[in-house]
Amino acid sequence: MSLPADLKYTKDHEWVRIEGDIATVGITDFAQGELGDIVYVEVETEGETLDKEEVFGTVEAVKTVSDLFLPLTGEIVEFNADLESEPEAVNEDPYGKGWMIKIKFSDESELESLLDVAAYQEIIGG
């Protein structure tokens, strides 16, 4: 299982890459492995401003549907539209082609609540 050390993580099994005031978000390798084959990613919140931990979309696998929780308060400025035709990218490349959204975050202090790779590994028993 892959866990890049340069990313931040959440207890909800999402990864966050910070670049300036933009955060790119996806689900972790652990999460996609637990879900199984992903068949659909739905994000209808593009352009909206949501609070941290609000649901921004869902990911649907063969056997289950899971909510996706916003790791930081901010505006969802982009959805990875490639996932509409290639949801399997989340399974195949969760930290690359399988990214889900980009957020323009508004509260830099919330970054402190994100987990580093060691803290996330403790959560998943790694």
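Residue 39 in UniProt numbering sits at position 39 of the sequence shown, and the numbers go up by one each step.
Virtual Cβ for every residue (Gly too), placed ideally from N, Cα, C.
From a predicted model like this one, the values you see are computed outputs, not experimental measurements.
In the DSSP assignment, E75 falls within the unbroken beta strand (DSSP E) covering G74 to F79. Judged by DSSP secondary structure, Y95 falls outside any alpha helix (DSSP H); it is assigned neither H nor E.
A distance of 7 Å or more separates the beta carbons of K97 and I22. Of the candidates E108, I123 and L7, the residue whose Cα lies closest to the Cα of G26 is L7. With a contact defined as Cβ atoms closer than 8 Å, V90 and V16 miss out at about 16 Å. Distance between D107 and D51, taken at the CA atoms: about 10 Å.
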